[in-house]
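Trainee:
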Amino acid sequence: MVIKALILDLDMTLVNTLPRFLAVLRDCAARYGVVISDDTNHLLNIYYRDPSLSEVLHDLSRNYWFWHNCWLEYINRRSYGEVFPGALDALRTLRNMGKRLMIATGRELECWRMDDELKHYGFKELIEGCVSLGDLGPGHDK
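Under our numbering, think of the first position of the sequence shown as 704, with each following residue one higher.
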């Protein structure tokens, strides 16, 4: 079998968006009266187990528009994450091997809104496209 294409996740796979997104998440949650700890390790521990962020965000954890607005604010701040070491070189190598590359993300935000961010990372010229939960719209879940 020959692999012709790869679909890669964006957040925390190619790019460390966690520190900057958590700052946005805290601000978004505060608008709803929800206080999120500054303890990143605590947030990571609950994020990667059930019931996940619902412990902290309660009903907001399943609210598509809450997440959409948080990701929109992240994009609008233009304070992006950092590409993980080796990620860009790996993408270039894969392209030089003739592989087709796509980015997929669970962000509740349309991919076209991420164009500047993808350019910032140097990904835009290496990928053939992007698909996100935001492209599917409300009613879809991760």
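Cβ atoms here follow ideal geometry from the backbone N, Cα and C, with glycine treated the same way.
(1) Taking the continuous beta strand (DSSP E) assigned at ASP741, which residues delimit it?
(2) I need the straight-line Cα distance from ASP762 to ASN799, nearest angstrom please.
(3) Between the C-alpha atoms of LYS707 and GLY736, what's the straight-line distance to the nearest angstrom?
(4) Would you verify that the beta carbon of PRO722 is, or is not, closer than 8 Å to some beta carbon of chain D?
(5) Counting beta carbon pairs with one atom in the stretch 776-785 and one in the stretch 815-823, are three or more of them shorter than 8 Å?
Mentor: From the atom records:
(1) Translated into positions along the sequence shown, residue 741 becomes position 38. Run containing ASP741: none; DSSP gives neither H nor E here.
(2) Taking the sequence shown and counting its residues from 1, one reaches residue 762 at position 59. Taking the sequence shown and counting its residues from 1, one reaches residue 799 at position 96. Spanning the alpha carbons of ASP762 and ASN799 requires a straight line of approximately 45 Å.
(3) The residue labelled residue 707 in the question sits at position 4 within the sequence shown. The residue labelled residue 736 in the question sits at position 33 within the sequence shown. Straight-line measurement puts the Cα of GLY736 at about 48 Å from the Cα of LYS707.
(4) No chain D is present in this structure, which holds just one protein chain.
(5) Taking 8 Å as the limit for Cβ pairs, the verdict is that the stretch 776-785 does touch the stretch 815-823.
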